[in-house]
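Here's the structure, in structure tokens; my notes come after.
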């Protein structure tokens, strides 16, 4: 859903029925993706997911900047939390911060 020309929101739901010899189960994945475009060469996007099969919440924030045609800088933050752990906040399972730089060389 395009809220403004720069800002969009995309909700999603995926339902999977899995049948194995050990048994069957249904998994649901609830997602929300938001994107804000600063310019044609720079945007930030965020993805939040809840997975019912392992009761986990994960989030991802990504900044992409194309500083020259074909060359990009990405800054990414990922986090996953377990919602089954008793307590006030879901327990942190995994966290990552990544910077990726690529450069196009033309010969």
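In the numbering used here, the protein residues as written are 220 to 326. Idealized CB from N, CA, C, for every residue including glycine.
Backbone secondary structure at residue i - three-state DSSP
i, result
"residue 294", "strand"
"residue 222", "coil"
"residue 236", "strand"
"residue 323", "coil"
"residue 246", "strand"
Residues sharing a beta bridge with residue i, DSSP
i, result
"residue 299", "277 and 313"
"residue 283", "262 and 293"
"residue 228", "253"
"residue 268", "250 and 277"
Own chain residues within Cβ distance below 8 Å of residue i, not counting five before or after
i, result
"residue 238", "none"
6 Å CB neighbourhood of residue i in its chain, flanking five on each side removed
i, result
"residue 236", "245"
"residue 249", "232 and 269"
"residue 263", "255 and 282"
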